[in-house]
Structure formats: C-alpha cells, structure tokens
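Notes for the one structure printed next.
Numbering (my numbering), first residue to last: 133 to 171.
Next up, the structure:
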C-alpha cells in the first residue's frame with residue numbers, strides 16, 4: 133500500500149510543474165503571436 137501512495141505522490145509532483153510550464157508556454161505563444169501580428 134505504501135508503494136501506491138509513493139507512486140501517486142511522484143505522479144502529482146511531476147504533473148503540477150508540467151501544467152504550469154504548459155500554461156507559461158501558452159502565454160509566451162500568445163504574446164509572440166500578438167506581437168508578430170502588430171508588426
């Protein structure tokens with residue numbers, strides 16, 4: 133049972149930064165696309 137909770141903790145710790153990075157990449161893409169559209 134301990135292995136399952138450890139595995140879930142590992143997955144959640146890896147999943148959260150991935151979601152944050154994905155959101156940051158979306159914001160960067162949004163700013164780049166809007167900037168290239170204005171130029």
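Note that CB positions come from ideal geometry on N, CA and C, so glycine has one too.
Alpha carbon of residue i to alpha carbon of residue j, nearest angstrom
i           : j           : result
residue 148 : residue 161 : 20 Å
residue 146 : residue 166 : 31 Å
residue 144 : residue 169 : 37 Å
residue 150 : residue 135 : 23 Å
residue 164 : residue 138 : 40 Å
Any non-hydrogen atom of the ligand GDP closer than 7 Å to residue i Cβ
i           : result
residue 156 : Annotation note on the ligand GDP: not contained in the displayed structure, which lists no ligands.
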